[in-house]
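A.B. asks: As given, the protein sequences belong to chains W and A, one line each in that order.
Mapping the first sequence onto this note's numbering, position 693 (from 1) lands on 693, and the numbers just tick up by one.
Mapping the second sequence onto this note's numbering, position 6 (from 1) lands on 6, and the numbers just tick up by one.
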Amino acid sequence: MIGSPDVVAFTKEDDFGEIYPDPCVLPDEFSVPLFSHAANPWTKTTYAKFSKDFILISEFSEQVGPQPLLTIPDDSKVCGTFDLNYFSLRIMSVDYQASFVGHPPGSSYPKLNFVEDSKVVLGDSKEGAFAYVHHLTLYDLEARGFVRPFCMAYISADERKIMQQFQRLSFEFSKASECLKSGNRKAFANELLKKLKDLEYTRSVLHKETELQKINNGCYSTQAIEKANELANVEKSMYEHRDLLRQITSYPSRKRKDPECVVFEPEKPTDTRDVDLALTSISSDLEVRAAEEAERKPTYTPQLIKAKSAKCFDKRLKTLEELCESTFYHHTMDQLKFIEKSFRGDLCYIYTSQIDRALVRQQKMTSFLFEEEEDIWQDMGPMKQFDTACPPMASQPPSVSDVSAEPMSLDSYSSCVDTIQIKMEPDFTEGPPESSPSEFTQETSEEAADTETKGSFSSDHSIEPISPGNLHMQYQNTVVGTSAEDCTTIADSAFLDPCVADSSDALYESHSVERGTDGVVNTFPLLENDMAMNAAVVYQTGSIVQVDTACCMGQEGFISDEPSAKPPQDGCGDTVVKQEPLPLLQRDLALQGDYVLGEPALESPAAAALSLPELQPHTLSEEIARISVEDASDTTSYMSTSTSSDRAPSPFCHGNPVTLKQKKRAGQSALRFIRQYPFAQQAIFCLLSGRTLVVLGVDEGTVRKLVNALSIFVPNLGRYGETVQPWLSTPFQLTDLQRWKLIGLQRMASPMGSSILNSLSRYSRYLGILDTDNKTMRCPPYKGTVLGHMADHRTQIKRGSTYFLHVQSTLTQLAAKAFLFTFCHHLHLPLEAEDEECVVTRRTSFLHHLGFTDEESKMVLFLGELIKQHYIQGPSKGTSQSVLRFNYTTSYLYKI
Amino acid sequence: MSAGCPPQSPAVAKTEVAVDGPCPMLAATFAYWDNILGPRVRHIWAPKEQGPDASLLLCDGEVTFLANHTLNGEILRSAESGAVDVKFFVLAEKGVLIVSLIFDGELKGDKNTCALSIILPQAELGFYLPLHNVCVERLKHIIRKARICMQKGYNIISVLTSEIIPIMELLSSMKTHSVPEEVDIKDTVLNDDDIGDSCHEDFLKKAISSHLQTCGCSMVVGSNPEKVNKMVLTLCLFLTPTERKCSRLCQAQSSSCRYDSGLFVQGLLKDATGSFVLPYRQVLYAPYPTTHIDVDINTVKQMPPCHEHTYHQRRYQQAELSALWRAASEDLLGPDNLTLAHDSFTPDLNIFQDVMHKDTLVRSFIDEVFLLKPGLQLRTVYLSHFLLLLHRKALTLLRYIEDETQKGKKPFRSLRNLKTDLDLTVEGDLNIVMALAEKLRAGLHSFVFGKSFYTSVQERDLLTNF
């Protein structure tokens, strides 16, 4: 039996069965491919012979034709086997500028034509190379027609990239070109001056020789006539060169044809004494440097010019560097390197980052939460100082003016804050905060810690300032608890007498109030209580919660005797601006003080009289205490707890702004963290809900790594990552909790170590504690889905940078909800005959309606609080929060 | 510019095109490299009615000079047969910008390098760049047809004219009716006090969701120009500024209100009888699928996703080119003439279908944005949050697939994991994010969904032909 495999053998093409194309079938070269699923979207072209984009500078040499001069980066690996000679020939084969240089008809002198640059995008589909080509002309006294055509080309395998980024490429290359041309004009003018001096000298020599010939041989001798002709030629040459000099000096006043040309230099008036300097039409910065360079140069000694110049092919053409003043040349190279760097990589990411930046710019109200500060200076490249078209923007704090259209009223705001606040205004300085100053000794630090434990908590409003010299402390409580009875307004702006404090490093503490289950408001000595409750370190408790490594969600357990968790509305529900406020800087100056806690306006007797705590003694919220201290005290406290080992204040480069790149790198550690630690969601929850997270461990490397991983979740990280302390080896104080939201803490077996643990246990109820040695986590529980999506240990995401993008998306979503919550005006304004409780209930139900659980609501509330604070205080206030908020909720111990 | 231009000898054939309104195009040219004479211009198209500044006019001599320039250097061309290379010139000295498509063609029995170019004033650079892809894609397809005509020895000028004139009209209409780069939210439905004030809630949600699922491409049809334009502007809020410049409002006064392939959003008015003729071919030739929104009857229909759209588009193009190849004479040539198409090809005219997949992203955004007070910047800021979220999700999705497939070296087989990991389990959400990702990485849909789709198509075809 004959089967199909047997038949197939006979279907093979051979000499007898030549296949003729069907004339009715469309040939492939005229058709379009039908199936594209096999195509790889990541492959630009299969033909490209170079590995990544590069810049090529080529010249149309009058001696050898088109030739490549240099590439950026200057690495032969980049270009691979790509034929630079061939490509130079292709891009330089046409004079797109079509300019005329030489002797125009009717003119006796050569004329310089200042041609505009041409820009061409072209490609070679067979080579898989596409290029943006910027044609320019430089001047050279030795060159034919005085011109040397050059081009700078950005070469990429991605055609779409070139066209999509055309305007940016054009703009950046125009800057490079203008810089190069400016330097060239200056060099050209210098060359002319030297030539004029030579001619002058030659003329004087010839003149003497002519006179000598006349005297020796008479006026009409052959030698005398020759000398006279030679002299005439020199004089003509002088006229021509003077005319060229005049032309090159007239460059600034010419009419530009290119409407999009980049203005590079402000022009300077001509100085008749020194033409060289007069020609220096450069920006002030370069001008100074060029002038300095000129001063350093030795005086030029004129030379005699021979009658006949060298033949065209005998002479050596100047290099690009010689054609241009070196300062300008190096600036041009810097600019080209900047271009190469800024357009490097996949178009997809370049384009997305542009969209990203444009959108983030519209979110000045919330961008401080999770976005790294934009570095526009870096964006602008090395030519930024010359770029008049792009004034620097990022150096100024972002304004919130576009969000606000109506002035915020004091009334609308004053009823929003419902807790005791001890305001702390840290010393806001430019740059990252200094840590561990040498003037504070360890003894001082320990003394401070000791003093802390001895603090008095008995007085109703006793607060011991840390620095009596400049501490001024306020209570501000401009609302309100959860019910009508215990919700009143307190605003005490009384300054404490510095003398109350007994020592410069004294402890400050606040009292707080607690409402019992019966609703009665009771005061209690907050920190004494803490000490009592936390004296036994939590880790030693027997009632730990065993967390399944597969899932740490939904664990129940109670290990401390703290009050049970309260719904979020009790704690921090009143954190909203009711009306659209104006930004601080744009508001009425008279009103500013009203909004900024601690400003003199609050000290007005009327305000104080209305809100004295004595008049409304029962208004303190029972669940949250906000402690504020003045800036100096904060600084003191901060300094006293640091040692030399803590010099790096953040996991990021000390002194440098946090960059997206660093965050992406941290993404890798974060991904590892969520896979290794089943209680990662709880840790992230702490950070997102404003609870300071302490990462405790013996090994510095492990702790720092974890801090680095977790830092991407810290809201309001700060330009320099100021809210993160990656490694602390001294006890910390309460004020530190205000500044740092993520702390890496050293565990050590020494007196200092016990002191650290003491401070840890002392404040443990306000903290989340991640113990890297025991692999435990002590913090309030989290229930919800938001963090489940963000920190699922079963995630299949492979790379840290991808995980960071995922985190970024989720945090963007969270920030958006916080914005919505904060500015949803009807949410916060009491309707007619409605009490505060109804408003709070409305807010709670609103957050539930958005799909948030109680825990997630806390995160939104905290972010909303930050937005409000940032909005009111303005971005210049730095990253420290003026309010330290404590939320008394049950903490659990999670173990792997 | 036109002063002192010497007449060309021999005179170049020229077609003057009457265009409604100001036409930013100075001229279009067809040139070729003559093996004896070098670059030569064969035909010039120029608008009859010029803009207010007559000094911008180019004389034929200058047009010829510029057209010749486009072919200079192409003697070195070594492209594959059938390839169309694009060149783009900004010649500040001449004050013009030129877009040239270089291709091989057979003229008078010889293989020649040809260039089809359009010339605009340099001042129109910002206007033109967003429309570059639209123009180039349309010209590329007409060049495919022109190459067949050249091969067959037919007159190619009429073929080229059939696309040059619409492009002139497109540029002219964009000059007067394009959507501004920045859309004020006050001109849109999102400024209503409450959801549903000027637009039914479900309809609005469905329209925006489908608009995003079809990569931001929509046509808005209706009888009332204000209503149509309000919806156009609303949809444009969800586009980038460049994409907005590639969108068009409806032209209330103009009779030549027609669909243009390749625009992102365009408003179209129904005729006096209340009907609108859907241009099947043009809609299919758009780079992305389109959403059809009728503001009169509040209906939203959408085309299938990108990979299916591309497949249908290619099939139609193939059929059209095949028909041209098989045409016995020039008389049978026509842009919509498919009578000569391959017998087995039957275009699926039912390309617009109901929106099948609901999403949570747009629905929650619309619900929430109306909670913010109108008339201020709050809604604009919230919108920017939403757009940022979408873009970041799209980028995350791209990176996820990139990691999984080692930049496309391996097939993608973990769609389920992707949905779970990136919280895109709702089909509508996935479609929206995939559509955005497609714009960032062309061909992503085909890469992810293509194989299964083509397999099913092939099976269906097999069963049909059985």
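All C-beta atoms in this analysis are idealised placements derived from N, C-alpha and C, irrespective of residue type, glycine included.
1) Determine which residues of the stretch 815 to 837 of chain W have a Cβ less than 9 Å from any Cβ of chain A, and write them out in chain order.
2) Just verifying my parser: in three-state terms, what is the DSSP assignment at PHE449/A?
3) If we count the other Cβ atoms within 10 Å of its Cβ and call it buried at 16 or more, is THR795/W buried or exposed?
4) What runs of the beta strand (DSSP E), each 3 residues or longer, lie entirely inside the stretch 738 to 764 of chain W?
5) Anyone know if the C-beta pair for LYS48/A and LEU66/A falls short of 8 Å?
6) Note down the Cα distance separating LYS175/A from THR420/A, rounded to an integer number of angstroms.
7) Flag PRO799/W as yes if its beta-carbon sits less than 8 Å from any beta-carbon of chain A, otherwise no.
8) Output the residue ranges of the beta strand (DSSP E) runs that lie fully inside the stretch 170 to 250 of chain A and measure 3 residues or longer, sorted by chain position.
9) What three-state label does DSSP hand GLY701/W in the structure shown?
10) Determine the closest residue to THR116/W out of MET163/W, LYS868/W, GLY128/W, SER170/W, with distance taken between C-alpha atoms.
11) For THR339/A and chain W, any beta-carbon pair shorter than 8 Å?
12) Give the straight-line distance between the Cα atoms of THR541/W and SER891/W, rounded to the nearest whole angstrom.
13) By the three-class DSSP mapping on this structure, what secondary structure does CYS838/W have?
14) Would you list the one or two residues that DSSP bridges to ASN112/A?
15) Please identify, using Cβ separations under 7 Å, the residues of the stretch 110 to 144 of chain W that lie next to chain A, in order along the chain.
16) Nearest-angstrom Cα distance between THR643/W and PRO751/W?
17) On the three-state DSSP scale, how would you describe LYS270/A?
18) Determine the burial state of MET231/A: buried for a count of at least 16 other Cβ atoms within 10 Å of its Cβ, exposed for fewer.
19) At least one CB of chain W closer than 8 Å to the CB of ILE148/A: is that the case?
20) Considering only the beta carbon of each residue, do CYS306/A and PRO279/A sit closer than 8 Å?
21) Taking 8 Å as the limit between beta carbons, can you name the residues of its chain near VAL703/W, skipping five residues before and five after?
22) Using the Cα positions of VAL32/W and HIS331/W, report the straight-line distance between them to the nearest angstrom.
23) Exposed or buried, which one is SER452/A when buried takes at least 16 other CB atoms within 10 Å?
24) From SER58/W to ASP334/W, what distance separates their C-alpha atoms?
25) Give a yes or no on whether the minimum CB-CB distance between THR240/A and chain W is below 8 Å.
26) What would DSSP say about PHE692/W, mapped onto helix, strand or coil?
27) Looking only at DSSP bridge pairs, what is ILE157/A linked to?
28) Please go through the same chain and pick out, in chain order, the residues whose beta-carbon is closer than 7 Å to the beta-carbon of CYS257/A, but skip the five residues on each side of it.
29) Contact defined as beta carbons within less than 8 Å: I believe LEU107/A pairs with LEU58/A. What is the distance between those atoms, to the nearest angstrom?
30) Are the stretch 792 to 809 of chain W and the stretch 661 to 671 of chain W touching, with three or more C-beta to C-beta distances below 8 Å?
31) Would a check of beta-carbon distances place SER31/W closer than 8 Å to chain A?
32) In chain A, what lies closer than 7 Å to PRO41/W by C-beta?
33) So what does CYS779/W bridge to, in DSSP terms?
34) Give me the DSSP bridge partner(s) of GLY408/A.
35) In three-state terms, what does DSSP make of GLU16/A?
36) Using a Cβ cut-off of 7 Å, pull out every chain W residue sitting near HIS132/A, in sequence order please.
C.D. replies: In terms of the structure at hand:
1) ALA815, ALA816, LYS817, PHE819, LEU820, PHE823, CYS824, HIS825, HIS826, LEU827
2) helix
3) Taking all protein chains shown into account, THR795/W has 16 or more neighbouring C-beta atoms within 10 Å of its C-beta and is therefore buried.
4) Residue ranges of uninterrupted beta strand (DSSP E) with 3 or more members, entirely inside the stretch 738 to 764 of chain W and ordered along the chain, are 742 to 746.
5) no
6) 46 Å
7) Residue identity differs from the one stated: residue 799/W is Arg in this sequence, not Pro. By this cut-off, ARG799/W is an interface position.
8) The beta strand (DSSP E) runs of length 3 or more contained entirely in the stretch 170 to 250 of chain A are, from start to end of the chain, 218 to 222.
9) helix
10) Reading off the sequence shown, one finds Glu at residue 116/W, where the question assumed Thr. Checked all of MET163/W, LYS868/W, GLY128/W, SER170/W; the closest Cα to GLU116/W is SER170/W.
11) Legend: pLDDT at THR339/A = 49, less than 50; position of this residue unreliable, value from coordinates given subsequently. Output row for THR339/A: interface = no.
12) At THR541/W the pLDDT is 33, less than 50, meaning the model places this residue with poor confidence; the figure from the coordinates comes in the next sentence. Using only the alpha carbons, I get a separation of about 12 Å.
13) helix
14) GLY105/A
15) VAL115, GLU116, ASP117, SER118, LYS119, VAL120, VAL121, LEU122, GLY123, SER125, LYS126
16) Residue placement at THR643/W is flagged as unreliable, the pLDDT there being 37, under the threshold of 50; a coordinate-derived value is accordingly withheld.
17) Of the three classes helix, strand and coil, the one that applies to LYS270/A here is coil, per DSSP.
18) It counts as buried.
19) yes
20) no
21) VAL695, LEU696, GLY697, PRO726, TRP727, GLY744, LEU745, GLN746, THR772.
22) 47 Å
23) exposed
24) 17 Å
25) It does; some Cβ of chain W falls within 8 Å.
26) Reading the sequence as shown, one finds Thr at residue 692/W and not Phe. If DSSP states are grouped into helix, strand and coil, THR692/W belongs with the strands.
27) Answer is none; ILE157/A lacks a bridge partner.
28) CYS250, GLN251, LEU268, LEU269
29) The pair is not a contact, with the Cβ atoms about 25 Å apart (cut-off 8 Å).
30) yes
31) Put simply, the CB of SER31/W is near chain A, with a gap under 8 Å to one of its CB atoms.
32) GLY408, ARG441, ALA442, GLY443, LEU444, PHE447
33) TYR892/W
34) Paired residues: none, contrary to the question.
35) strand
36) MET163
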